[in-house]
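The structure appears below as structure tokens.
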Amino acid sequence: MRSEYKQGKKRRKWPKIVGSIFLLIILAGLGYGFMIYKSLTDAVETMHQPVEHKSDKRQEDITLANKEPFSVLMMGVDQRKGDKGRSDTMIVLSVNPNKNSVKMLSIPRDTRTEIIGKGFEDKINHAYAFGNEEMAMATVENFLDIPIDYYLKVNMEGFKDIVDAVGGVTVNNSKAFSQGGYQFNEGPNNLNGKEALAYVRMRKQDPEGDFGRQNRQRQIIQGVIKKGISVNSLTNYDDIFEALGKNVRTNMTFNEMKDIQKNYKSAAGNIEQMTLKGTGQTINKVWYLIVPQEEQARVQEELKTHLELQN
46 MRSEYKQGKK
56 RRKWPKIVGS
66 IFLLIILAGL
76 GYGFMIYKSL
86 TDAVETMHQP
96 VEHKSDKRQE
106 DITLANKEPF
116 SVLMMGVDQR
126 KGDKGRSDTM
136 IVLSVNPNKN
146 SVKMLSIPRD
156 TRTEIIGKGF
166 EDKINHAYAF
176 GNEEMAMATV
186 ENFLDIPIDY
196 YLKVNMEGFK
206 DIVDAVGGVT
216 VNNSKAFSQG
226 GYQFNEGPNN
236 LNGKEALAYV
246 RMRKQDPEGD
256 FGRQNRQRQI
266 IQGVIKKGIS
276 VNSLTNYDDI
286 FEALGKNVRT
296 NMTFNEMKDI
306 QKNYKSAAGN
316 IEQMTLKGTG
326 QTINKVWYLI
336 VPQEEQARVQ
346 EELKTHLELQ
356 N
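Residue numbers (our numbering): 46 to 356.
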């Protein structure tokens, strides 16, 4: 039985935390000309997907122009054709420009908690399948007792198009394995889109389980951004933005992204990965991760303090 889930600092490393959205911010901030800017704004317009979600944990909406701390729920959704998918990866980011820091918490997908809007307990990643981004945000809010201000959803099935658009990625694999008809050796591996998708989908052979899978997803995202901001990849910016537009959704507006680039980028140089511990338990023949109340309270308090919330 699995016992525990455990879950930097130069500027070049921070994009792995915030994923594809900050690739857009970097490119916009560096200003590669009108054509790229136009493609960027078109992609962001496609990516923008508002949600009907208003947190009851904030009295007033935050204003990024005022450098207020904010939170983001990142979801990697394994959405295949004809299948809505589930949020196999759930990462909460707390960004505080006053403390110049970001806290990152990966929530194991098997975590048992109340699904807000359904009235029963289930695996936390099922919230997205039941009620889209709104229910996922509400459920994570309840679990962590903090407001979730934004979401960022990446379709991992279509992520292969993004990998191919930047000409492939290189990852450093810690454990040799085979998956989806591909062999991945220990050490550096150069991957195309289909290989990258197989690489992140391996889980059963990994002694770290979901945490190992989440780490591989972060490797792929980091590789995409590293290639995406290189000079050689600029010739493919149309393909890159098209792939992002098809596979990334967020409730952030373009103006909010620009505010983040302007007011929060220094915080990304100080990233702290938080851990969430629990014990495996089978309930009605279903395996869950049970997070003790004292552990849940510890994580809640750390995030509340970082977001400068009144208790």
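Glycine residues also receive a C-beta, built at the ideal position from the N, C-alpha and C atoms.
All figures in this text were calculated on a predicted structure; none of them were measured in a lab.
Same chain, Cβ closer than 6 Å to residue i, neighbours up to 5 away in sequence not counted
{"i": "Gly-76", "result": "Confidence in Gly-76 is poor, its pLDDT being 41 and thus under 50, which makes the residue's placement unreliable; the coordinate value appears in the next sentence. The answer is none, since no qualifying residue turns up."}
{"i": "Leu-242", "result": "Lys-205"}
{"i": "Pro-114", "result": "Asn-141, Leu-352 and Glu-353"}
Limits of the beta strand (DSSP E) - the one that residue i falls within
{"i": "Leu-150", "result": "146-151"}
{"i": "Tyr-196", "result": "195-200"}
{"i": "Arg-246", "result": "Note, Arg-246: premise wrong, no beta strand (DSSP E); alpha helix (DSSP H) at 238-246."}
{"i": "Asp-133", "result": "132-141"}
{"i": "Gln-318", "result": "316-319"}
{"i": "Met-120", "result": "115-122"}
{"i": "Gln-306", "result": "Careful: Gln-306 lies outside any beta strand (DSSP E), inside the alpha helix (DSSP H) at 299-308."}
{"i": "Ile-294", "result": "Residue identity check: residue 294 is Arg in the sequence provided, not Ile. Taken as a continuous stretch (DSSP letters only), the beta strand (DSSP E) holding Arg-294 covers 293-295."}
{"i": "Gly-325", "result": "324-328"}
Separation of residue j from residue i, as counted between CA atoms
{"i": "Val-137", "j": "Ser-116", "result": "7 Å"}
{"i": "Gly-78", "j": "Val-122", "result": "Here Gly-78 scores only 49 on pLDDT, less than 50, and its place in the model should not be relied on; the value that follows carries that caveat. Taking the straight line from one Cα to the other gives about 33 Å."}
{"i": "Gln-262", "j": "Val-245", "result": "5 Å"}
{"i": "Gly-203", "j": "Asp-284", "result": "13 Å"}
{"i": "Glu-179", "j": "Ser-151", "result": "19 Å"}
{"i": "Val-336", "j": "Thr-156", "result": "7 Å"}
{"i": "Leu-109", "j": "Pro-142", "result": "10 Å"}
{"i": "Arg-258", "j": "Gln-104", "result": "37 Å"}
{"i": "His-351", "j": "Gly-226", "result": "44 Å"}
{"i": "Asn-177", "j": "Glu-353", "result": "28 Å"}
{"i": "Leu-197", "j": "His-93", "result": "10 Å"}
{"i": "Gln-345", "j": "Lys-239", "result": "38 Å"}
Cβ neighbours of residue i in the same chain (closer than 8 Å, five flanking residues each side left out)
{"i": "Ala-88", "result": "Leu-69, Phe-286, Glu-287, Leu-289 and Gly-290"}
Min CB distance residue i to chain C below 8 Å
{"i": "Asn-111", "result": "Among the chains in the structure shown there is no chain C, since it carries only a single protein chain."}
Option in the options with minimal Cα separation from residue i
{"i": "Gln-326", "options": "Leu-334, Thr-320 and Met-319", "result": "Leu-334"}
{"i": "Thr-134", "options": "Leu-189, Val-293, Lys-163 and Phe-256", "result": "Phe-256"}
{"i": "Gln-264", "options": "Ala-174, Asp-304, Thr-215 and Arg-154", "result": "Thr-215"}
Cβ-heavy atom distance, residue i to the ligand ATP, below 7 Å
{"i": "Arg-343", "result": "Ligands displayed in this structure: none; no statement on the ligand ATP is therefore possible."}
Residue i - containing alpha helix (DSSP H), residue span
{"i": "Arg-343", "result": "338-351"}
{"i": "Gln-250", "result": "Premise fails: Gln-250 is in no alpha helix (DSSP H) and is neither H nor E."}
Beta strand (DSSP E) runs contained entirely in the stretch 159-216, provided each spans 3 or more residues
Runs of the beta strand (DSSP E) inside the stretch 159-216: 165-168 and 195-200.
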